[in-house]
Every structure is written in C-alpha cells, then in structure tokens.
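Undergrad: Here the protein sequences come in this chain order: A and B.
Counted from 1, the first sequence has number 454 at position 239 by my numbering; the numbering is strictly sequential.
Counted from 1, the second sequence has number 219 at position 4 by my numbering; the numbering is strictly sequential.
Take this structure first; my questions come after.
2 protein chains.
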Amino acid sequence: MQVQLYDTTLRDGAQMEGISLSVEDKLKIARKLDELGVHFIEGGWPGSNPKDAEFFARAQSLQFQHAQLAAFGSTRRAGGSAETDANLRALLDSGTPVITIVGKANDVHVRDVLETTPEENLAMIADSVRFLKSHGRVVFFDAEHYFDGYFSDRDYALQCLKAAAAAGADCIALCDTNGGTILSRLVEAVRAAREAVSVPLGIHAHNDTNLAVANTLAAVEEGVVQVQGCVNGYGERCGNADLLSVIANLKLKMGLDVVTEEQLARLTEISHYVSEIVNMVPNPFQPYVGASAFAHKAGLHADGVVKKESSYQHVPPEVVGNHTELLISELGGSRGLLEQIREAGIEVELSRNDARHLLEVVKEQERRGYQYESAEASFELLVRRSLPGYRAPFELEDFWVVQRRATRPEDHGREMQTEAMVKVRVGDEVIQTAADGNGPVNALDAAVRKALISFYPTLALVKLVDYKVRIIDSAAGTGAGVRVLIESTDGDQLWRTVGASTDIIEASWLALNDALEYWLLKRAPERRERA
Amino acid sequence: MQVQLYDTTLRDGAQMEGISLSVEDKLKIARKLDELGVHFIEGGWPGSNPKDAEFFARAQSLQFQHAQLAAFGSTRRAGGSAETDANLRALLDSGTPVITIVGKANDVHVRDVLETTPEENLAMIADSVRFLKSHGRVVFFDAEHYFDGYFSDRDYALQCLKAAAAAGADCIALCDTNGGTILSRLVEAVRAAREAVSVPLGIHAHNDTNLAVANTLAAVEEGVVQVQGCVNGYGERCGNADLLSVIANLKLKMGLDVVTEEQLARLTEISHYVSEIVNMVPNPFQPYVGASAFAHKAGLHADGVVKKESSYQHVPPEVVGNHTELLISELGGSRGLLEQIREAGIEVELSRNDARHLLEVVKEQERRGYQYESAEASFELLVRRSLPGYRAPFELEDFWVVQRRATRPEDHGREMQTEAMVKVRVGDEVIQTAADGNGPVNALDAAVRKALISFYPTLALVKLVDYKVRIIDSAAGTGAGVRVLIESTDGDQLWRTVGASTDIIEASWLALNDALEYWLLKRAPERRERA
C-alpha cells in the first residue's frame, strides 16, 4: 500500500501559540494543500467549534484535485450512546468523506483524565467507529497517547487498537501525543501494533524531543502507511512533525512517490504561503524550504559550492523550489560579489572597477547596520544606484513629522495625532504636500503616495505585507540602531527591502522608499513609457 | 566509555546566517558551556581567523571546572609537510589541550574540491595527526563528508578513518557535513566504521533533513561516544544538532548521565543566555527549552494539564529549568485566569467578581491587539491596575514628538532631528521637560527619564535589551495596528512588556511605560520607602 499524507495544519497546527485562523484562512490553506498533493486534509473539529462547522459548510464547494477532507472529533461520551452523541452527529453533519475520531489508548489517561473504566473506554471506541462506519464514511481512528500507553500497560493499549480494528476502522493512527517517545521505543511499539492488528496504521508525531520527523520516517520503515503532520511543523508546544520535511525525505531520500516532482518543486512556495496566512515569521533555518537552507557563508564552504554544486548541498535546492545563496557579507572578494549578483538574477554589466566600487559601498552600508541577506530588492537597488547614469523615479527631499498625544484617562490616552509634510521630486518637478496618518510611517507613506500618484497611478497596487524591526546593538537601549525589513506585494509578487538608522522612522522610510522605487523600476506598467 | 559532549557553537555555530561573534562574546559563551558541564569546547579556527587566535590567547586565563578547550583546523596542505604547515603551527600555538583537525573522507571531494590524489589525502591525514600527537596533544579527527563518502566509495572512506586511527587519533568524529543522511543509512555507515577501527568514535550531524538530533542519538545507540553539536542548534544552513535537545534526550530518555541534574536544570537559562549573546531571537517552539515547549492552549489539553500534570507533558518542565504555561487567551473562563495568575507567581487576592472584571479587561485588550503570552510584566501590571486602590508610580500626561529630515545627497540624507516634549505626573507634581533623541522613542524615553530621575534615581539601571515590532493585521499596510514587545533588564533580571496601537510610537511608548512602571513597582530599591 502506498504511503499517504494526512495534513492536520488546520486542526492540530492551529493549536500553536500565536496562530488563530479565520474560516477564509482555512479555505485558502486547504486549496494549497490540495495543490501540494496531500491525500487527506483534516479541516477542524466541528463539534467543539462553530467556526469549524462553518468551514466544513463552505468547504463543500471546494473542488479538490487530489485531497479528501476529514472532520475530526472524539469518541462518544462515557456512559452515553453513539446514536445520540452530539459530537458524532456534528461529524456526520460536516459532510466529509473521511471522519477521524480520537480515543484514548492509555490506561492512566482513561482513569485520570477521562475518569471512566477501561471497559467503557473500549466500548466508546468500538461504538463510535461502528456508528460512523454504518453511515458509509471512511473512518480513521487516532489512538491518543498510544506510545505512553504501550509502555504503561501494553495489553490495554493493544486492546484499544483491536477494538477500533474490529469495529471497522479504515486506518489506526498511532499518536505520540506528548511527543516524548524516542526512536528505539517508538519502533518497538509500532512493531507490536503491526502484530496486533492487520488494519493499515498511521503515525502522528509531536516534536517535544526534536524527533518528530525521524519518528515519522522510522514508522514508515516499519510499515506504517499514513503520515500525519503539519506544514512548517506547526502544532501545540514544540509542534507536530513538519509535513514538508517528511514529504521531501520520503520522496528524495526513501524513493517513495508521495507527491510528483512538480508538486515537490512547490514545497518552498507553499511553506511561505502558509506562514503568510497564519501570520508566523518563516523560520529561515527550516530544512529544505528555509531561506537559509541552502545558504553558504563560510569561506571554505562557499568556495566548495562554487567549485562543485553538490559538495555542500545534500540535494539540488531546485527540486524543492529553493535556491542556493552565497552570502555576500562573508565572501569578501569582488569575485564573490559578482557571483552573488548573478545568483540574484540581476541583469547588469559590471566591470572589475564597478565591482570593486560596489563592494566598498556594500561594506559601508553593512557598517551602518544594513543586511542584504533577506532584502533582495534593496540589494538590487544598491547595485543599480552604484552604476553611473542611474536615475531614481522619485526622491524624497524633505520631511517633517509631528505627533501629539494628549493623555486623558477616560479614553485610555488614545487620542494621538500624526501629520507628515513632504517635499518630493519627480524629474524636475517638486511636489509639496501633507497627510495625516495612523502613525508616523503611515503618515509619511500617505503623503509621499499623494505626491506620486499623478505621476504613477498604479502605485496604488503596492501594499506592505510585513514589517519587521530588529535592534542592531541592543546594549544601546532605545538609542540603538534599528534595521527595518519590509515585505511588499502588488498582489502578484513579493519583494523585500531594508532600511537602517538609529531612528526607527528614518529606517522605516528608507525601506519603504526602496519598496516603492523597486516597484516603479521593475514592475510598474508605467516604467516602459518613462524609461 | 562514557558519552562526552563536544560543543562547536563557537566554530560551526558561528557559521549560521546572522551570527557574528566578538572575542568577548565567545569568552562569555565558553564560561556558560563549562557551567553546563560540556566536556569539550571548540573555540575556533586559529589558522583562518585572527579573531580566533586572539580568543585562544585570552581563553588561557579562563578557569574551567569541567571543560577542555579544543582548537580546530584542517590537515596539512596537499604536497606540503606537516612540520612546516602554517595552519598546524597555529593550532599548536593556540595552546589548547585538545586539537581537532578536519580532513576529507570522501573520494569525490578529494578529487574535485581538494584537487589531489586519494593517496595524498591519506598521507595528509596521517602526517597531520602524527605531527600533533608528537607534540603531546589530544587529537580528534573530523572525518568530513564521511557518510556521503561511505556511500560513494566505501573502501576509501574507511581507509581515511584507518589512516587517522593508525596515526594515533584519540577519537574520530563521523561528519554528516551536508546533513543529508537519513537514519537507516547513517546506522549502516556507523556500524561499518565501528568494525573498521577500534578508536572511539564521535558523531557530527547537521539538520538539513530535520534529523540531526535523531541521527546523533542513533549513533550513540550504535556505540559512538562523542556527540558534537551547538547550543540551540545553531550552525550553517539548517544548523547543527541542537546540543541541548541531545543532552536532555540522553539524560532523560536514555538514562546517560552526561550532565548532572543541577546542570540539566540550567538548560533553559543557558539557551536564552546564548541566544542573547549571539543576538538571535529565541525559538519559542524549541524542544525542552522554548517558551512554548510546555505551553497549553487547547481547551482539552489545558483541562488535562490541570487534571493531571503528566497528561500532556512528556517530562516535568522543571527538570530542564522550564515551566508549564497555560495560555490565557484560550482558557476562556475566569477559573483559567486565576490559574494563570497563580502560575505566573503574581501575589494578589482576587475575588470571583475581580476575576470576572479582569477577564473583561483582558478580552478588551486582546481586541486592541495586545497579547500577553510573552509579556509577563505587562500582564502583571494589567492585573494590578484592575484592582481598586492601584496607584501608578508615575503617569505620562502629554507628549509631543517632532521630527525633521532634510535630505541632502552629499550626506546620504542622514540629517535627522528629533525632539520630544513631555508632561509627567508623579503623585501631585507635574514635571514638564524636553529632550533630543536618536529617534522618537529614544527622545520620549530620554525626556521621561529626565522627568523621573530626581524621584527615582535608580531608574538609570534599567536598560532595554530587545525591541520587537509585529504587524497585527498586515493587510492594512502602513496603517495596520502594531504590537511592540520590549525586553528590559536591570543587569540582574529580565522582564518583558507589550504595547499595541495603530501608531508605532504610541505602541512603543506603552510598552516602555510598562517596563519602567514594572521596575518601579517590583524591583526598584526605592519602592519600599514609597509603598
């Protein structure tokens, strides 16, 4: 039987600290997961959450190419009956082809958390599975705390699996709910489960011991055929198994065709897309898909990479949609810089002299606190500006920002007034204007756009999607230098810019200036007419 | 033979994108690693980097309790002699009891990167080890690319190990340099190495397949006795094996006493300390030591944790110096809130009515964009302010901030002027004053401190150590709400505060206000006199 991917980003992943998903967010992510080639998408817990019930109602109109939707819930209540159980009813009402129910497979939890008898727990499992099966659904059983249960009372844990199997479960997922099981013990408990039941098994691993991906792969090597996980390893506490690492390892390292090559090549894009939707900062060091996953800084390594692509890369980054990055700051020589420009896809002709000059500029900017590692648009502007004959599409000549807050206890001191006055030059014209804003950067942004809009009407398309501030020398307190990173979009593509200053407003402005300038140079429909 | 910990944070860890360590930073980290009970600390590469040579010179005065210092370098140059090799000379000059040399164990790399013959590479390994041994040092050999080498040319890879062993190496570390080896292959290659040589073996794993910790533990189960890794999993690309996860797993899951219980209980502290020094944002989801590693959000789980500590925690968090956290935002009821206050160690008496009122306040603040999950000082202030009779040590009544930038191409538009005017109330007195600053927050901070310093002289001790900005609703562009998180210290303890507003200056000010107010209430020596 082929290994199948079961994604629980929308349910278990949403349990991560800092994540809160709207129905719209969930629908967007579900569409992407289908494109990735995931076989099952667990959409939520309709019995516990009205938002999830709404998701399932709206999800019925999604046209999936690959995936089947699963609704999640628990077994019937202790002492009740499956037929009258509100939670099981909500699962049926969700209308999904697949229903996953979770039940305890651990004697201690049955007694202390569920507060019922071992026999009643077995009946709860069997009744619930049988009831859902009788309604014609595919039913997966999540054996919660199976591994701890196995090492606490081996016989009882296996009885729970047998109860689910006998009642007709289509797959039983062995859950390392607390994420505390190390590999050798996990393998022992998986083998015992394989011997106890003949139904297909799944694995649901958490990362509390930093072993979630390894445990998942080991279970597959032991014959498990369903792997559960979350995009980017989201999930409660330390997260679930990172489904993206699992997919790449299964496909590239174990030769299992869980997705096609085309789907695998979208891994990086999908990682970023989901992190955007859930509003979590992407982890640059994430295996396969992180921005630094194929970045080379050390002189030795970078040199090796130039000499032989595969020498310091375990796979070609393109197969997962990522790319090699040679970090300029450490390459030193102008040869490295030229390589960096080529890698970044910047189409310019630089002489040796130009390159040497540019290298000086880069070093000077880094001394000021700039870092171009994650601001490719500002880097390209830096390169272009260093060339003779560069003409900026606009220049901010002067600005004033005035802010006043009058604190009054009755309105929580929220009466804040901000105004920006700007002088902007476009070619030979100078436009002087002013605007209010929600804050100083917003006021500046508004005033500059107001000045530019008659020259560049499509600028209205450009939106800021992320804004990060990093203190450069934290020991200097509020007087420290700051680096601002801005991510912008025109609804189609994303680009990132950077600004550095001891003043957060100036740093923000410099990054924003680059964001607008980059768009006008590279993407705006007007650029051809004005070039 | 007991398993020994070999830390390479100062060498391989420093290769991570975004990390740059001064000699002083390295000395601080080395001291902490010794306290943690690490057996070997790799300090750097004296032959390639003058800063590292300085580190070893200054490190001679460090008085380690446990650790031995190791210097790192490569084998002699192809075609040269060990006796005249500048790199080997620099290693001897470093004066460390241990020297680690890296050499190739992969035929492809010997040919394509080193550009020499397989025989010469074997001679380079043997000569270098023998030469360093003849000077009375402990010598470890890092077999670079051993795993890829083993699967490329098994015999040659093993010959490299045998050359190092025959020349007297005290330990041979098998390096998965590209981090691309999955578990089953790694185990096969470790077994072959164990059969080929009788010298003790080490493991050096990278995380490119999300398996570094698992690979390290598997190697130990195969008889490897030296584990190499970095604090917090720092290192090039996706990082090295996280030495903290490795330590906790070896001690708690495999029963190997690599550190004492007291040392293990400092794991979380040391993780944060090192992330502070290297200026990397701590990963809240990091196994064992992350701020969210024992945080519970789901209603089901949080309820389980209240009922039975161990039900959703694989180990008691205290054993690694961490603690359980129940996230207020999702607990819902006032019972959960009271539990949260108790967990946070806030000593207040709250009636049921007080708690219900407070819950309303929390919800209202969350609606405004506040998140208290990582701002315990602001949460405590919120609790205290909600109680009748609370008197703030000061209040900022009004402020004005004026900023002007006149852009002149010749000075890169850097002429920025910022001034803040404030009215501050302390008891019945109102102080009106003004100050310049590097930026608006700095100017405000300076003006408020100027107003307060005569009342609270010790406020001068309080410094801001980290400052983060997060856009709450990124779709709103520069007009979006922002949340500012500030971390402050008095040189002894750290506390974190939060402010939210659509205006970054106001949000910053609110967080800064909390930082100062918290210190005056809880820590300032003056507080008793004024209580």
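Glycine included, each C-beta is placed from N, C-alpha and C at the ideal position.
Scan the region 323-343 of chain B for residues whose Cβ lies nearer than 7 Å to a Cβ of chain A and list them as they occur along the chain.
TA: So the close ones are H324, D327, V328.
Undergrad: What residue range does the alpha helix (DSSP H) around Y221/A cover?
TA: Unbroken run through Y221/A is the beta strand (DSSP E), 219-222; no alpha helix (DSSP H).
Undergrad: State the DSSP-derived secondary structure class of M339/B, mapped to helix, strand or coil.
TA: Residue state, collapsed to three classes: helix.
Undergrad: Answer with yes or no whether the minimum CB distance from H529/B to chain A is below 8 Å.
TA: Yes, its Cβ sits closer than 8 Å to a Cβ of chain A.
Undergrad: Quick check on N455/B - is its C-beta less than 8 Å from some C-beta in chain A?
TA: No, N455/B lies away from the interface with chain A (no Cβ there is under 8 Å from its Cβ).
Undergrad: So, using beta-carbon positions, are L389/B and Y361/B closer together than 8 Å?
TA: For L389/B and Y361/B, yes; Cβs fall inside 8 Å.
Undergrad: Name the chain B residues whose beta carbon is nearer than 7 Å to that of E721/A?
TA: What E721/A touches in chain B: R620, M631.
Undergrad: Output yes if chain B places a C-beta closer than 8 Å to the C-beta of V534/A; else output no.
TA: No, V534/A lies away from the interface with chain B (no Cβ there is under 8 Å from its Cβ).
Undergrad: Have a look at V677/B and E612/B and give me their C-alpha separation to the nearest angstrom.
TA: Cα to Cα, the separation comes out at about 22 Å.
Undergrad: Indicate whether at least one CB of chain B lies closer than 8 Å to the CB of Q501/A.
TA: Cβ-Cβ to chain B under 8 Å: yes for Q501/A.
Undergrad: So the beta strand (DSSP E) V317/B belongs to, where does it begin and stop?
TA: Taken as a continuous stretch (DSSP letters only), the beta strand (DSSP E) holding V317/B covers 313-319.
Undergrad: Is there contact between the region 403-419 of chain B and the region 710-723 of chain A, where contact requires at least three CB pairs shorter than 8 Å?
TA: Flag = no, the region 403-419 of chain B and the region 710-723 of chain A do not touch.
Undergrad: Taking the beta strand (DSSP E) that H419/B falls in, what are its first and last residues?
TA: H419/B -> beta strand (DSSP E) spans 416-420.
Undergrad: Show which residues of chain B have a CB atom less than 8 Å away from the CB atom of I397/A.
TA: Under the 8 Å cutoff, chain B gives L432, N464, K468, M469.
Undergrad: Roughly how many whole angstroms lie between the Cα atoms of G259/A and Y371/B?
TA: The straight-line gap from Cα to Cα measures roughly 53 Å.
Undergrad: Identify the continuous alpha helix (DSSP H) that holds C375/A and give its terminal residues.
TA: It spans 369-381 - the alpha helix (DSSP H) in which C375/A sits, taken as one unbroken run.
Undergrad: Does the separation of the CB atoms of N641/B and L667/B fall below 8 Å?
TA: Sequence check: residue 641/B is Val here, not Asn. Taking 8 Å as the Cβ cut-off, V641/B and L667/B qualify as a contacting pair.
Undergrad: Here's a check: name, in chain order, each residue in its chain whose Cβ is nearer than 7 Å to the Cβ of D423/B, leaving out the five neighbours to either side.
TA: N393, G394, G395, R452, C453.
Undergrad: List, from N- to C-terminal side, the beta strand (DSSP E) runs of 3 residues or more that fit wholly inside the region 654-734 of chain A.
TA: 678-686, 697-704, 709-716, all fully within the region 654-734 of chain A.
Undergrad: Indicate the three-state DSSP secondary structure (helix, strand or coil) for E257/A in the structure shown.
TA: DSSP places E257/A in strand when its eight states are reduced to three.
Undergrad: If the cut-off is 7 Å on Cβ atoms, which residues from the region 417-441 of chain B count as contacting chain A, listed in chain order?
TA: Going along the region 417-441 of chain B in chain order, one finds N422, D423, T424, N425, L426, V428, A429, L432, A433, E436 with a Cβ nearer than 7 Å to chain A.
Undergrad: CB L679/B to CB S703/B, shorter than 8 Å?
TA: Yes, Cβ-Cβ distance for L679/B and S703/B is below 8 Å.
Undergrad: Under the three-state reduction of DSSP, which class applies to R246/A: helix, strand or coil?
TA: Looking at R246/A - three-state DSSP - the assignment turns out to be helix.
Undergrad: So with Cβ pairs under 8 Å, would you call F614/A a contact of chain B?
TA: So yes, F614/A belongs to the interface.
Undergrad: Quick one: what's got a C-beta closer than 7 Å to G310/B's C-beta in the same chain, skipping five residues either side?
TA: Once the five neighbours on either side are set aside, the close Cβ partners of G310/B are F271, Q275.
Undergrad: State yes or no: is the beta carbon of P497/A nearer than 8 Å to at least one beta carbon in chain B?
TA: It does not: the Cβ of P497/A has no partner Cβ on chain B nearer than 8 Å.
Undergrad: Verify whether the separation of the beta carbon atoms of T717/A and A726/A is less than 8 Å.
TA: Contact flag unset, no.
Undergrad: According to DSSP, is T431/B part of a helix, a strand, or is it coil?
TA: In the structure shown, T431/B sits in a helix (DSSP, three-state: H, G or I).
Undergrad: Whose C-alpha, out of A730/A, G505/A, R304/A, R409/A, is nearest the C-alpha of G262/A?
TA: Of the listed residues, the one whose Cα sits closest to G262/A is R304/A.
Undergrad: Hey, V637/B and F614/B: beta-carbon distance below 8 Å or not?
TA: Yes; because the gap between Cβ atoms is below 8 Å, this pair is in contact.
Undergrad: Please list, in chain order, all residues of the same chain as D705/A whose beta carbon is under 7 Å from its beta carbon, the five residues on each side excluded.
TA: Here the set comprises L676, V677, W734, R738.
Undergrad: Identify the contact partners of S367/A in chain B, using a Cβ-Cβ distance below 9 Å as the criterion.
TA: Within 9 Å Cβ-Cβ: nothing; S367/A doesn't reach chain B, min ~11 Å.
Undergrad: Tell me R619/B's beta-bridge partners as DSSP assigns them.
TA: In DSSP, R619/B forms a bridge with W615/A, Q632/B.
Undergrad: List the residues of chain A that A388/B touches, going by C-beta distances under 7 Å, in chain order.
TA: Within chain A, no residue comes near A388/B; the closest Cβ sits about 17 Å away, beyond 7 Å.
Undergrad: Anyone know if the C-beta pair for V317/B and D363/B falls short of 8 Å?
TA: Against a cut-off of 8 Å, the Cβ pair of D363/B and V317/B comes out as no contact.
Undergrad: Starting from the N-terminal side, write out each stretch of the alpha helix (DSSP H) that is 4 residues or longer and does not extend beyond the region 379-414 of chain A.
TA: Segments of the alpha helix (DSSP H) lying fully in the region 379-414 of chain A: 398-411.
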